[in-house]
Amino acid sequence: MSTRITRRKLLALAAQATTVACASGFFVIESAGITQNAEANAKYKDVFEALDSFVKQYMREMNSPGMTLVLANRDGILRAATYGFSDLERGLNVKPEQLFHIGSISKSFTAIALLQLREEGKLDLHQPVVEYLPWLKIETQYAPITTHHLLTHSAGLPGNVSIFLSDSAAKHKTGFAPGEHFHYCNLGYHILGHLLSTLDNRLYGESIRKRILAPLGMNATEPTINGDIRDRTARNYMIYHDERPYPRYGKLAEAPQLIFEKGSGSIASTARDMGLYVNMLANRGRGAKGRVLSEESFSLFVKPHIKAKDFGPTASYGYGLAIDQLDGHTIARHTGGMVSFMSAM
């Protein structure tokens, strides 16, 4: 069967479902495991078969060892699939319950938790953030930076540096007036993680679990990447000779592990759990057990606040999500990358 997915087939499915894909490292696919809704399988059988073939071809070309893929819509999870290997040395297949780091898709979780605090009257998105975090050192000739600016990557801060500088007298310097430009900024979401922890009076991971994961039934998901979850996580791989130009089919080595608890990208999840998350997004903030965001807050969440050409020529940025148009439809999307993990939603 051809691996080609026609635009018509893909859009027919996209109109019904939201997709999350997570991959680890690079190698060759050999096997797949699938859980799917019987009604959806009957309706989209040819699309699912073409999608599986496309994924296998993609993984061969990217030299990817393992991947998970979930499709969900307003009614629930349509299909969850695993492909390839979670452990190359032992030849172990990816399992549905295994964790993959979702990277910057975590930013939307941080944004949701902060919007909940706004609903509770604990946060004004347009107040200077230093009023909530007086220890934060920012040097600027412009107007104060607000939570809104940090959520939309428009604060004017450097992109990827530590909040706590080695020189205690040093301050972060802004490069442009807040709200003037989009500049993707992990530092901004590091700050937002501290803001969430401060206002919620608990650790960042505890806030995410209580406010989002537990209400949505995302019981396998971990809000913090640490050694405790290593045995539940798919192994990730990197090129063996990392000082050379990228060899698409080169030898691989297991990638280093990390400990990470920041608002920019510290969540590890499974295909099923991410299906529950995108089901909530498809229902505009409502999960199976009730709302995690009000309709007003969800509208702020997906509002195109600022042009974001980093995500495409017509893209804008909401709060933790890129917002774009496709064939007359508004779409919300994001990608994520950690140490040899890649994800897309």
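First residue of the sequence shown? That's 3 in this note's numbering, and the numbers climb one at a time after it.
Just so you know, even glycine gets a beta-carbon here, dropped at the ideal spot from N, CA and C.
None of these values were measured; they are calculated from a predicted model.
- Close CB contacts of Leu323 within its chain, under the 6 Å cut and outside five residues either way in sequence, are with Ser110, Ala334 and His336 (chain order).
- Glu224 counts as buried, since at least 16 other C-beta atoms from the protein chains shown sit within 10 angstroms of its C-beta.
- His307 is positioned such that its CB atom lies closer than 7 Å to that of Thr154.
- Each residue's CA atom was taken as its position, placing Val131 and Gln118 some 17 Å apart.
- Taking Leu198 as reference, the option from Arg120, Ser299, Asn281 and His183 with the minimal CA-CA separation is Arg120.
- Taking every protein chain shown into account, the CB of Pro67 has 16 or more other CB atoms within 10 angstroms, so this residue is buried.
- By the Cβ test, the segment 169–187 is not in contact with the segment 325–334, since fewer than three Cβ pairs between them sit closer than 8 Å.
- Note on Lys58: 16 or more other CB atoms within 10 angstroms of its CB, so buried under the neighbour-count rule.
- Between the alpha carbons of Thr316 and Met64 lies a distance of about 27 Å.
- Where Asp89 is concerned, the enclosing beta strand (DSSP E) starts and stops at Gly78 to Asp89.
- Taking C-beta atoms under 8 Å as the contact rule, Arg76 and Ala284 qualify, at a distance of about 5 Å.
- In the DSSP assignment, Phe262 falls outside any alpha helix (DSSP H) and carries neither an H nor an E.
- The Cβ atoms of Leu218 and Gly289 lie closer than 7 Å to each other.
- Note that the C-beta distance between Phe303 and Gly292 is not below 7 Å.
- Only residues of its own chain outside the window of five on either side were considered, and among them Asn188 have a CB closer than 6 Å to the CB of Asn162, listed in chain order.
- Inter-residue distance for Leu138 and Leu152 is about 13 Å (C-alpha atoms, whole angstroms).
- Annotation: the segment 186–215 contains no complete segment of the beta strand (DSSP E) (minimum length 3 residues).
- Val294 sits in coil when the DSSP states are folded into three classes, being neither helix nor strand.
- Around the C-beta of Leu260, fewer than 16 other C-beta atoms lie within 10 Å, and the residue is accordingly described as exposed.
- In this structure, DSSP gives Ala74 an extended state, which the three-state scheme calls strand.
- Ranked by Cα distance from Arg62, the first of Gly86, Ile140, Val280 and Leu194 is Gly86.
- For Leu116, the closest C-alpha among the options Ser342, Asn238, Phe50 and Val294 is that of Val294.
- The beta-bridge partner set that DSSP reports for Ala270 consists of His103 and Glu224.
- Beyond the five residues adjoining it in sequence on each side, Arg234 comes within less than 7 Å, by CB distance, of Gln100 and Leu101 in the same chain, given in chain order.
- Burial is judged here by how many other beta carbons sit within 10 angstroms of a residue's own beta carbon; Thr112 has at least 16 and is buried.
- Judged by beta-carbon spacing, His185 lies beyond the 7 Å limit of Ile165, meaning their Cβ atoms are not closer than that value.
- Considering only Ala310, Val341, Gly338 and Gly339, the residue with the shortest C-alpha distance to Gln327 is Ala310.
- With a 10 Å radius around the Cβ and a threshold of 16 neighbouring Cβ atoms, Pro180 comes out buried.
- Note on Gly78: under 16 other CB atoms within 10 angstroms of its CB, so exposed under the neighbour-count rule.
- CA-to-CA, the gap between Tyr46 and Val280 works out to about 19 Å.
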